[in-house]
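Mapping of the sequence shown onto the numbering used here: residues 18 to 288, in sequence order. For every residue, glycine included, the Cβ atom is placed at its ideal position computed from N, Cα and C. Treat the numbers as computed from the prediction; the structure is a model and nothing was measured. One structure is given here, and the rest of the page talks about it.
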Amino acid sequence: MKTHALVLFFLALIVGCSKKSDPSPANSNTPSCLLTKATLTGSSTAISYNSSNQPTSVVITYSNSGPANANTYNVTVDASGRITKLATSGTPNGYAFSALEATYSGSNVFPTTYKLTFSDGSYTQNTATFNSSNQVTQVVSSSYYQSPGTTSSSYTTYTYANATSQNPLKAESFIGLPTEGGDKYEVHDYTYDDKNLPGGASLMSFFSTGISATNNILTDKDTYSPGTAGEYVTTQTFTYQYNSNGFPTKRSYSVLGGSTITESYTYGNCN
Numbered sequence: 018m019k020t021h022a023l024v025l026f027f028l029a030l031i032v033g034c035s036k037k038s039d040p041s042p043a044n045s046n047t048p049s050c051l052l053t054k055a056t057l058t059g060s061s062t063a064i065s066y067n068s069s070n071q072p073t074s075v076v077i078t079y080s081n082s083g084p085a086n087a088n089t090y091n092v093t094v095d096a097s098g099r100i101t102k103l104a105t106s107g108t109p110n111g112y113a114f115s116a117l118e119a120t121y122s123g124s125n126v127f128p129t130t131y132k133l134t135f136s137d138g139s140y141t142q143n144t145a146t147f148n149s150s151n152q153v154t155q156v157v158s159s160s161y162y163q164s165p166g167t168t169s170s171s172y173t174t175y176t177y178a179n180a181t182s183q184n185p186l187k188a189e190s191f192i193g194l195p196t197e198g199g200d201k202y203e204v205h206d207y208t209y210d211d212k213n214l215p216g217g218a219s220l221m222s223f224f225s226t227g228i229s230a231t232n233n234i235l236t237d238k239d240t241y242s243p244g245t246a247g248e249y250v251t252t253q254t255f256t257y258q259y260n261s262n263g264f265p266t267k268r269s270y271s272v273l274g275g276s277t278i279t280e281s282y283t284y285g286n287c288n
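In structure tokens form, the structure reads like this:
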């Protein structure tokens, strides 16, 4: 299920793009651009919209392993313009997902549940918990693997600077379920800029990193096996170029060996 986070990243890029249907009163950064294409490392996504600026289809192309393959997903939205389903019309090419379904509570733009399904019957089910400030405080993830017929569970908790911020400062991940205690295996510490996310809504960060946020991540300090003899810490730093509407057009970061990766975002219908 290594494609899980990548697939959710693509979905998140398009969830908040509608100019007329953002249901979140807490999101002060009303989208003023529609994301039409995102070119990432080894993959890209292209988004089409209807006359109401709601996404209708998305084409995801993977090229990071073997020949490039493209998959087209039809988009279903609810009355508030929130995406409730992405689905292929047939068997997806390569190890791509077949469908992603999401449910919401109240006016939240972040899903209460979201399920990623693959053509072989494997799936990952995620459930988010919110506090009274509509901050995402926990996400529980349970996966089933058709071959070899096994399951696994994990959960992540989030902490914030205050009750009004939607940018979590820390994400702590555990193996197992919350009722089982779980072993902490990873901790992320974040800093942010003050600009719009590429998709125009904070759900982008929720799907791409497992956090809900309203701004772009500047630094991500990642600690593996915290508090043990095997503890290992890396810090990823991101730099951005923005358009006149405050949306990133490029994101750059360095990888092991010193190479710089640059990702790009293209927009339409900006005002």
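With fewer than 16 neighbouring CB atoms inside 10 Å of its own CB, Gly263 falls in the exposed class.
Considering only Asp206, Ala119 and Asn232, the residue with the shortest C-alpha distance to Tyr259 is Asn232. Between the alpha carbons of Ser49 and Thr168 lies a distance of about 42 Å. The Cβ atoms of Ala104 and Asn88 lie no closer than 8 Å to each other.
By the neighbour-count criterion, in which 16 or more other beta carbons inside 10 Å mark a residue as buried, Gly98 falls on the buried side. The C-beta separation of Tyr207 from Thr181 comes to about 17 Å, leaving the pair out of contact by the 8 Å criterion. A distance of 8 Å or more separates the beta carbons of Tyr161 and Tyr175. The beta carbon of Val157 sits closer than 6 Å to those of Thr144 and Tyr172, all from its chain and outside the five residues before and after it, given in chain order.
Inter-residue distance for Ser61 and Glu203 is about 28 Å (C-alpha atoms, whole angstroms). Comparing C-alpha distances from Phe147 to each of Val126, Gly107 and Leu117 shows the shortest one belongs to Val126. Thr101 is a Cβ neighbour of Ala119, given a cutoff of 8 Å. For Glu248, the secondary structure class from DSSP, reduced to helix, strand or coil, is coil. Burial state of Asn213 is buried, judged by a 10 Å Cβ sphere holding 16 or more other Cβ atoms. Going by beta carbons, Pro72 and Tyr79 fall outside the 8 Å limit. Straight through space, the alpha carbons of Ser150 and Asn179 are spaced by roughly 10 Å.
Annotated three-state conformation of Pro243 is coil, per DSSP. Annotated three-state conformation of Thr56 is strand, per DSSP. Membership of Ala119 in the beta strand (DSSP E) is indicated by the continuous run Phe114 to Thr120.
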